[in-house]
Amino acid sequence: MKKLLILGAGTAGTMMLNKFSNVLDKSEWEITIVDQFENHYYQPGFLFIPFGVYNRKDVIKPKRDFFPTGANVIMSGIDKIEPENNRVLLQNGKVLSYDYLIIATGAKIKPEETEGMKEDLWFKNIFDFYTIEGACALWDFFKRWEGGKLVINITEMPIKCPVAPLEFAFLADWYFTERGIRDKVDIHFVTPLPGAFTKPKASAILGDFLDKKNIRLTSEFNIGSVDNETKEIVSWDETRIPFDVLVTIPTNMGDECIERSEMGDELNFVPTDKHTLMANGHENIFVIGDATDLPSSKAGSVAHFQADVLLENFLAVIEGREPHEKFDGHANCFIESGFGKGILIDFNYDTEPLPGKFPLPGVGPFSLLEETKMNHYGKIMFRWMYWNSLLKGQELPIESQMSMAGKRA
Amino acid sequence: MAVLEMENKTLELDADGFLANIDDWNEDVAKVFAKEEGIEELTEQHWTVINFMRDVFKEKGDAPSIRRLTKESGVNTKELYALFPKGPAKKAARIAGIPKPKGCI
Numbered sequence: 036m037k038k039l040l041i042l043g044a045g046t047a048g049t050m051m052l053n054k055f056s057n058v059l060d061k062s063e064w065e066i067t068i069v070d071q072f073e074n075h076y077y078q079p080g081f082l083f084i085p086f087g088v089y090n091r092k093d094v095i096k097p098k099r100d101f102f103p104t105g106a107n108v109i110m111s112g113i114d115k116i117e118p119e120n121n122r123v124l125l126q127n128g129k130v131l132s133y134d135y136l137i138i139a140t141g142a143k144i145k146p147e148e149t150e151g152m153k154e155d156l157w158f159k160n161i162f163d164f165y166t167i168e169g170a171c172a173l174w175d176f177f178k179r180w181e182g183g184k185l186v187i188n189i190t191e192m193p194i195k196c197p198v199a200p201l202e203f204a205f206l207a208d209w210y211f212t213e214r215g216i217r218d219k220v221d222i223h224f225v226t227p228l229p230g231a232f233t234k235p236k237a238s239a240i241l242g243d244f245l246d247k248k249n250i251r252l253t254s255e256f257n258i259g260s261v262d263n264e265t266k267e268i269v270s271w272d273e274t275r276i277p278f279d280v281l282v283t284i285p286t287n288m289g290d291e292c293i294e295r296s297e298m299g300d301e302l303n304f305v306p307t308d309k310h311t312l313m314a315n316g317h318e319n320i321f322v323i324g325d326a327t328d329l330p331s332s333k334a335g336s337v338a339h340f341q342a343d344v345l346l347e348n349f350l351a352v353i354e355g356r357e358p359h360e361k362f363d364g365h366a367n368c369f370i371e372s373g374f375g376k377g378i379l380i381d382f383n384y385d386t387e388p389l390p391g392k393f394p395l396p397g398v399g400p401f402s403l404l405e406e407t408k409m410n411h412y413g414k415i416m417f418r419w420m421y422w423n424s425l426l427k428g429q430e431l432p433i434e435s436q437m438s439m440a441g442k443r444a
Numbered sequence: 618m619a620v621l622e623m624e625n626k627t628l629e630l631d632a633d634g635f636l637a638n639i640d641d642w643n644e645d646v647a648k649v650f651a652k653e654e655g656i657e658e659l660t661e662q663h664w665t666v667i668n669f670m671r672d673v674f675k676e677k678g679d680a681p682s683i684r685r686l687t688k689e690s691g692v693n694t695k696e697l698y699a700l701f702p703k704g705p706a707k708k709a710a711r712i713a714g715i716p717k718p719k720g721c722i
């Protein structure tokens, strides 16, 4: 029996487990997945919780609901990977050997990386919305809030779902308008990037949306610390921005087990071949999703596009063929823009988000980089697809490789 | 193609305005870039960072992130921002004659 070991049962790991289970011969392969948590969270839904659109129940399901029958699941933390010995040490004391390893250990927020962030004001006037705890605490705060200075701040790149902070700003504009107190809320978007988003064309268009919605933008602000006394964020070059409530997107880092394994970069992301998805320097290790150091977005849609490429390359490698399938950095994001509308962007490593139309058989087309109701429905529909198709590794009507069809270059 | 006019030579720049050929670099080029970035004089600490940037690039093929810089160059984050205001990783890379860091997407 050959052993295939998957580390992490989040979006990427669960998808791969399902795909492998469908394809690999059970008499030849023993597939095992390791994770320490019982619950799967629909992370794109966290964004809606602080505004009362979703609650905890809408974004949580047991992981076991998405595992194929008979799957070999081990609930444990991971101590470390020993690639030179082809084995993984678990925190429950077990040692697992493997022939092939898939690293899908994800990324998480690290507020403690910034001085003063996780201190007196944490979950009182400072919140994140990248965890279920942060999102729920923020909803409790917003419900009672009568207005003041709302600062949304990205600590440093890369972050999971780079558009989520903008969506948060748009939804805040909508939510406080509905509450009738928008004139009392000063929304201030503070980012280390030179503009509203990572890519120039989309950045310009999304920047205009900020203007239109009366959201202030401060760019190239690199936070160094939080002053808990004066309620200010302070940049490395001593610029201060005051807040009444700070919604922070803290530093994102890979799992600590990657650091313990000495397999990561300075943010614990695993150096990965950007096309084949193989771990650099390892012939029998693949990396997928947020755990990679790739210059693609850290998002479920990206993990989904990577999954097909990884599967093809895995099948090639086990047969002794060259891994020819190429991941192109494809990402596809519905950006919720408030008032029942949304914006869609579709891009890859080489092509930045462009305006135009996005064809989708049976449902589309959707408008790219334009605010429409249709794009909002796309976003809402995606949650259903996520639970019912994507995690189970089923085909979705979107190609893994980005297509130029409909785009205006 | 944008260029950088030096006294006796014209150097090619890439789409980001960074030096196209790393071998065209010398200390005079660094000084010209530094002036463009608003740094009048390059101190010993500036050179520590610049040389570290070049060493890492030659070894890894990419510029170090701020985290790696502060961890290994001996210059802390606060000093880095004082030396290269606003965007140390990007500014120091440009002055060091290496391409724009991958991390700056």
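Those sequence lines, one after another, are chains A and B. All letters in the first sequence, in the order written, are residues 36 to 444 by my numbering. All letters in the second sequence, in the order written, are residues 618 to 722 by my numbering. From the three backbone atoms N, C-alpha and C, an ideal C-beta is built for every residue, glycine too.
Nearest-angstrom Cβ-Cβ length linking residue i and residue j, presumed shorter than 8 Å
i        : j        : result
A:Glu264 : A:Pro277 : At roughly 12 Å, the Cβ-Cβ gap does not stay under 8 Å, so A:Glu264 and A:Pro277 are not in contact.
A:Arg251 : A:Phe224 : 7 Å
B:Lys717 : B:Asp641 : So it is not a contact: roughly 16 Å between Cβ atoms.
A:Leu201 : A:Leu173 : That belief does not hold up - the Cβ atoms of A:Leu201 and A:Leu173 are roughly 17 Å apart, past 8 Å.
B:Gly691 : B:Thr665 : 7 Å
A:Ala139 : A:Gly230 : Rounded, the Cβ-Cβ distance is 32 Å, inconsistent with contact.
A:Phe401 : A:Met409 : 6 Å
A:Cys196 : A:Ala334 : 5 Å
A:Leu460 : A:Tyr133 : Residue 460 of chain A falls outside the range modelled here, since chain A spans only 36 to 444, and no answer is possible.
A:Ser435 : A:Val344 : 6 Å
A:Trp422 : A:Tyr89  : Their Cβ separation, rounded to whole angstroms, is 13 Å, which puts A:Trp422 and A:Tyr89 out of contact at 8 Å.
Per-residue burial, residue i [other beta carbons within 10 Å of its own, 16 or more giving buried]
i        : result
A:Ser35  : Coverage of chain A is limited to positions 36 through 444, which leaves residue 35 of chain A absent and any answer about it impossible.
A:Pro285 : buried
A:Trp419 : exposed
B:Ala619 : exposed
A:Lys376 : buried
A:Ile95  : exposed
A:Val398 : exposed
B:Asn693 : exposed
A:Met298 : buried
A:Gln126 : exposed
B:Phe635 : buried
A:Gly45  : buried
A:Val130 : exposed
A:Ser331 : buried
A:Val220 : buried
A:His359 : exposed
B:Arg671 : buried
A:Asp300 : buried
Proximity below 7 Å, CB of residue i to CB of residue j
i        : j        : result
A:Met50  : A:Gly441 : no
B:Phe674 : B:Ile712 : no
A:Gly151 : A:Val261 : yes
A:Asn348 : A:Thr307 : no
A:Phe203 : A:Ile187 : yes
A:Gly289 : A:Ala326 : yes
A:Asp328 : A:Phe362 : no
A:Ile194 : A:Ala207 : no
B:Leu700 : B:Gln662 : yes
A:Gly391 : A:Arg356 : no
A:Ala199 : A:Leu82  : yes
A:Ile380 : A:Leu281 : no
A:Gln341 : A:Ile353 : no
A:Ile137 : A:Phe256 : no
B:Ile715 : B:Ala680 : yes
A:Glu191 : A:Pro146 : no
Span of the beta strand (DSSP E) around residue i
i        : result
A:Cys171 : From DSSP, A:Cys171 is part of no beta strand (DSSP E) but of the alpha helix (DSSP H) over 167-179.
B:Asp672 : Taken as a continuous stretch (DSSP letters only), B:Asp672 belongs to no beta strand (DSSP E), being part of the alpha helix (DSSP H) at 661-677.
A:Phe393 : 391-393
A:Asp221 : 220-225
A:Arg91  : Careful: A:Arg91 lies outside any beta strand (DSSP E) and carries neither H nor E.
A:Met288 : 287-289
A:Thr67  : 64-70
B:Glu629 : 627-629
A:Tyr76  : 74-76
A:Ile138 : 135-138
A:Ile116 : 113-117
Alpha helix (DSSP H) segment containing residue i, residue limits
i        : result
B:Val649 : 644-653
A:Leu52  : 46-58
A:Glu213 : 199-213
A:Ala366 : Looking at the DSSP string, A:Ala366 is not in any alpha helix (DSSP H); the run it does join, the beta strand (DSSP E), is 366-373.
heavy atom of the ligand ATP below 6 Å from residue i C-beta
i        : result
A:Leu346 : No copy of the ligand ATP appears in this structure; indeed no ligand is present at all.
Open item on the list: Contact between the stretch 64-73 of chain A and the stretch 103-121 of chain A is defined here as three or more beta-carbon pairs at a separation below 8 Å; is this criterion met?
Closed with: Contact between the stretch 64-73 of chain A and the stretch 103-121 of chain A is established, with three or more Cβ pairs separated by less than 8 Å.
Task: Cβ contact (3+ pairs, closer than 8 Å) linking the stretch 52-66 of chain A and the stretch 96-107 of chain A - done: yes
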